[in-house]
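Before any comments, here is the structure.
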Amino acid sequence: MGEVTFYKATPSICFNFKKVEIDGKKRYTYLQASKELGEGISTTLPSKLMVLDENYSQINEISYFTDKENTNNTNYEKKLDSHDYLYLSDNHYLLAGFEMKTVYDFPSHEKEAFYVWNCKIQEVLNGEILWEFESIKNPNLYHYCNENTMKIMSHESYLDYMHFNSMQIDPIDGNLLCSFRNIDSIIKLDRKTGKIIWVLGGIGDEFGLTEDQKFSNQHSISFLSNHSILIYDNGCKNKKTRVIVIQLEEQNKTIKEYHSYDLNIISAWMGSVQAINEEKNTYLVTYGVGNNPYGFQELNLETLEPITSFKLKENNSLYCVNKIY
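Per the working numbering, residue 5 is the first one in the sequence shown, and the count goes up by one each step.
Structure (structure tokens):
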């Protein structure tokens, strides 16, 4: 049995609780959905980033991403995404958001109005935007939207053709990796320009992944100690949820090492994986949405032997669980 060290009732759904150490100070952060639960993409709630100090007292609330064109207008469909963020200091963070846009160059809808959610990622320091990425400024990404997404989202007023869900800073070159569920891809962005450096997976894959190696509708990306990328592969395309470890040769755009661990489940939505002890192959796996016996487990990936298991009540689900020290 675990012991509850902190509990807080919130007015709406919360996501991605993290602990961050900044200059010897502790910060606890999470995304809290706005009260307008009918707004936004059907699978992404508009949210705000909540920041607590070491005593769990709230010290900040970030509700909107910054608008370059009109910094005073912060209340018109420029909400934060409910999936992920990176809190680097009290005045320095990376945020993801979405906004409604009308485009005229979407494939099969050229020269006619087509409505999409523009995915925007920003790095903000002292209130100033250091750089930003906008998906609609990269029209080649329209072609990467998988066919299943087009069918599922056909009833939406605005197409969520990217669906951001995870980000990590590369510890070697300092650039940013981002996971986009609806294009089955991980994209590396330049943290000075916001430009795309490369694409891993999906239709636009640049690394020569085979069809068996490719992930689909993935979540939760992070780096291991040897610079391999750890991925929670929902595997909706092949009906097989896996944990994947890929080590890249980035200069030549080839795969150096590839490992896949079948979880023997199907998790259609959400989910995460976190390395706990790489030498012992111990990982914390959150199973997301699906007919799964547990909400999360700490286990050995080779044997699937559990160390800790947590069961949820029926019809409940977890987006991700983070083990903090």
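All C-beta atoms in this analysis are idealised placements derived from N, C-alpha and C, irrespective of residue type, glycine included.
Subject >> Coarse secondary structure for Gly105, derived from DSSP in three states >> reply: Position 101 of the sequence shown, counting from 1, holds the residue named residue 105. Correcting the residue identity first, residue 105 is Lys in this sequence and not Gly. In the structure shown, Lys105 sits in a strand (DSSP, three-state: E or B).
Original post:
Just the Cα atoms here: how many angstroms apart are Asn186 and Asn221?
Top reply: Within the sequence shown, residue 186 is the residue found at index 182, counting from 1. Within the sequence shown, residue 221 is the residue found at index 217, counting from 1. If you take the alpha carbons of Asn186 and Asn221, they lie about 6 Å apart.
Original post:
Where DSSP assigns a beta bridge to Ser313, which residues make up the other side?
Top reply: Position 309 of the sequence shown, counting from 1, holds the residue named residue 313. Answer is Gln301.
**OP:** Enumerate in chain order the residues of its own chain whose CB-to-CB distance from Lys196 is below 7 Å, with the five nearest sequence positions on each side excluded.
**Re:** Residue mapping note: residue 196 aligns to position 192 of the sequence shown, counting from 1. So the list reads Trp135, once near-sequence residues are dropped.
Subject >> Thr290 (DSSP reduced to helix, strand or coil) >> reply: Here residue 290 refers to the residue found at position 286 of the sequence shown. Strand at Thr290.
Subject >> Buried or exposed (CB count within 10 angstroms, at least 16 for buried), Tyr108 >> reply: Your numbering for residue 108 matches position 104 in the sequence shown. Label assigned to Tyr108: exposed.
Original post:
Using the C-alpha atoms, what's the distance from Glu116 back to Ser170?
Top reply: Residue numbering aside, residue 170 sits at position 166 when the sequence shown is read from its first letter. Residue numbering aside, residue 116 sits at position 112 when the sequence shown is read from its first letter. Between Ser170 and Glu116, the C-alpha separation is close to 32 Å.
**OP:** Identify which residue in Tyr146, Phe69, Val247 and Ser112 has its Cα closest to the Cα of Phe184.
**Re:** Indexing the sequence shown from 1 puts residue 184 at position 180. Of the candidates Tyr146, Phe69, Val247 and Ser112, the one whose C-alpha sits nearest the C-alpha of Phe184 is Tyr146.
**OP:** Pull up the CB-CB distance for Asn20 and Leu35, whole angstroms please, since I reckon it's below 8 Å.
**Re:** As a first step, residue 20 must be located in the sequence shown, where it is residue number 16. As a first step, residue 35 must be located in the sequence shown, where it is residue number 31. Right, their Cβ atoms sit about 6 Å apart.
**OP:** Would you decide whether Asn77 is buried or exposed? Buried here means 16 or more other CB atoms lie within 10 Å of its CB.
**Re:** If you number the sequence shown from 1, residue 77 lands on position 73. Since pLDDT at Asn77 reaches only 42, below the 50 mark, its modelled position is unreliable, and no value is offered.
**OP:** Indicate the three-state DSSP secondary structure (helix, strand or coil) for Gly322 in the structure shown.
**Re:** By 1-based counting over the sequence shown, the position of residue 322 is 318. Sequence inspection shows Leu at residue 322; the Gly mentioned does not correspond to that position. Three-state result, Leu322: coil.
Subject >> Under the three-state DSSP convention, the category Pro15 falls into >> reply: By 1-based counting over the sequence shown, the position of residue 15 is 11. Of the three classes helix, strand and coil, the one that applies to Pro15 here is coil, per DSSP.
**OP:** Kindly indicate which three-state DSSP category Thr9 falls into: helix, strand or coil?
**Re:** The residue you call residue 9 lines up with position 5 of the sequence shown. Reduced to three states, the DSSP call for Thr9 is coil.
**OP:** Would you give the residue range spanned by the beta strand (DSSP E) that Leu234 belongs to?
**Re:** The residue given as residue 234 occupies position 230 in the sequence shown. Where Leu234 is concerned, the enclosing beta strand (DSSP E) stretches over Ile233 to Asp237.
Original post:
Going by DSSP, what residues sit across from Ala272 in a beta bridge?
Top reply: Here residue 272 is taken as the residue at index 268 of the sequence shown, counted from 1. BP columns for Ala272 are empty, so no partner.
Original post:
Ile133 to Cys324, Cα distance in whole Å?
Top reply: Here residue 133 refers to the residue found at position 129 when the sequence shown is read from its first residue. Here residue 324 refers to the residue found at position 320 when the sequence shown is read from its first residue. Their Cα atoms are separated by approximately 28 Å.
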